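Scroll down for the structure; my scribbles are underneath it.
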Amino acid sequence: EDKVVQSPLSLVVHEGDTVTLNCSYEVTNFRSLLWYKQEKKAPTFLFMLTSSGIEKKSGRLSSILDKKELFSILNITATQTGDSAVYLCAVVSNFGNEKLTFGTGTRLTIIP
Amino acid sequence: DTAVSQTPKYLVTQMGNDKSIKCEQNLGHDTMYWYKQDSKKFLKIMFSYNNKELIINETVPNRFSPKSPDKAHLNLHINSLELGDSAVYFCASSRTSSNIQYFGAGTRLSVL
C-alpha cells in the first residue's frame, strides 16, 4: 500500500523565520508528488513535482523532489502570519488513474 | 464562479438517516473524486469517476454510493448513517491528463 509520511507534524515559528517541511514516500510506480495548503476549507494546490532536482518556486515558497531518496521538501522563507495552515503532501502512483495518497500534513503556525 | 462547489456545507443528522451531498465543477474536467477527512485531518480517497464511469472504489462500506449523472456532477449518497461517518467530505476534480486535483470547500457531516 502506498505510504506518505510528513514531518514534523506541527511547527510553531515566529514571523520572518524560514521553515522546511518534509515529505517521504513509498509508492509503487511513482508518477508525481503534489503539495497543497489547507487553511480552513479546501486544500489549495501549490506545486507538482515529477523530476528530481528541479526546484519549483512561487514567491517565498519553493519545493524540490529527490526520487532516489524518495522525499520532497517544501521551503517557506520570510514567513508571514498568512502562511499559517496545514501543508499536505500527496503522491500519485501510475495505475491508470490519478489517485492521490495524502500524508497526515504538517500544521504550521506563524506567531506575529 | 466557484470552480468546485459542494452542498450543503454543513450537515447535522441522526444515526440511521439517509443523506446526500452534491458536488458540481465548472472547470470542464472529466474526472471527479470524493475524499473523507477525519478528525486528525487525514484525507483519504473514497471514489473516483472518469466520464461518469467508476474507476476508483476504495474500501468503503456499501452504505456509501456515488452517482455521476454527467461529467460535471458527482453526488454522494449515504444510507443508514453511523457515528463514525462524522467527518469532512471533500469533492475534487481534475483533467484526465493532469495529476492536479482541485478541491471543493468540503461538507462537514455530524452524525448524532
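As you go down the protein sequences, you meet chains A and B in turn.
Under this note's numbering, the first residue of the first sequence carries the number 262, and numbering increases by one thereafter.
Under this note's numbering, the first residue of the second sequence carries the number 84, and numbering increases by one thereafter.
Quick reminder that beta carbons are idealized off the backbone N, C-alpha and C, glycines included.
In this text, all values refer to a predicted model and were calculated from it rather than measured experimentally.
Supposed close pair residue i, residue j - CB separation, criterion 8 Å
i	j	result
GLN120(B)	LYS105(B)	Actually they are not in contact, since the Cβ atoms of GLN120(B) and LYS105(B) sit about 18 Å apart, beyond 8 Å.
SER151(B)	SER169(B)	SER151(B) to SER169(B), Cβ: 25 Å. No contact.
PHE186(B)	ALA303(A)	4 Å
ASP344(A)	ILE371(A)	5 Å
VAL288(A)	VAL352(A)	5 Å
PHE363(A)	PHE125(B)	7 Å
Cβ of residue i within 8 Å of any chain A Cβ
i	result
GLN97(B)	no
PHE186(B)	yes
ASN109(B)	no
PHE130(B)	no
ASN182(B)	yes
GLY167(B)	no
Distance CB(residue i)-CB(residue j) smaller than 8 Å
i	j	result
LEU310(A)	LYS298(A)	no
ILE337(A)	LEU322(A)	yes
SER163(B)	ARG146(B)	yes
THR367(A)	LEU282(A)	yes
ASN182(B)	LYS154(B)	no
VAL87(B)	SER176(B)	yes
Closer than 8 Å to chain B by CB, residue i
i	result
SER293(A)	yes
LEU326(A)	no
LEU322(A)	no
VAL353(A)	yes
Same chain only: Cβ atoms within 7 Å of residue i, ignoring 5 sequence neighbours per side
i	result
GLU276(A)	THR340, GLN341, THR342, ILE371, ILE372, PRO373
ILE139(B)	ILE128, PHE130, SER131
SER148(B)	HIS160
VAL273(A)	THR370, ILE372
6 Å CB neighbourhood of residue i in its chain, flanking five on each side removed
i	result
GLU394(A)	Given a span of 262 to 373 for chain A in the structure shown, any question on residue 394(A) remains unanswerable.
LYS127(B)	LYS119
ARG191(B)	TYR93, VAL171
ASP263(A)	VAL288, SER354, THR362
SER101(B)	Ser is not the amino acid found at residue 101(B); the sequence shown has Asp there. So the list reads ASN162, once near-sequence residues are dropped.
ARG178(B)	HIS112
LEU295(A)	MET309, ALA351
Beta-carbon contacts of residue i that lie in its chain and below 8 Å, excluding the five residues immediately before and after
i	result
ASP327(A)	SER313, GLY314, SER333
GLY99(B)	SER163, LEU164
SER319(A)	LEU307, PHE308
is_contact[residue i, chain C] using C-beta, thresh 8 Å
i	result
ASN158(B)	The structure shown contains no chain C; its protein chains are A and B.
Residue i Cβ short of 7 Å to the ligand SAH heavy atom set
i	result
SER148(B)	This structure lacks the ligand SAH, and indeed carries no ligand of any kind.
Taking only beta carbons into account, state which residues of the region 132 to 151 of chain B come closer than 7 Å to chain A, listed in chain order.
ILE138, ILE139
Short-range partners of chain B found in the region 288 to 318 of chain A, where Cβ spacing is below 7 Å:
ARG292, SER293, LEU295, LYS302, ALA303, PRO304, PHE306, MET309
Please identify, using Cβ separations under 9 Å, the residues of the region 333 to 351 of chain A that lie next to chain B, in order along the chain.
VAL347, LEU349, ALA351
Using Cβ-Cβ distances below 7 Å, what residues of the region 114 to 126 of chain B are close to chain A?
THR114, LYS123, LYS124, PHE125, LEU126
Compile a chain-ordered list of the residues in the region 361 to 373 of chain A whose CB is closer than 7 Å to at least one CB of chain B.
LEU361, PHE363, THR365, GLY366
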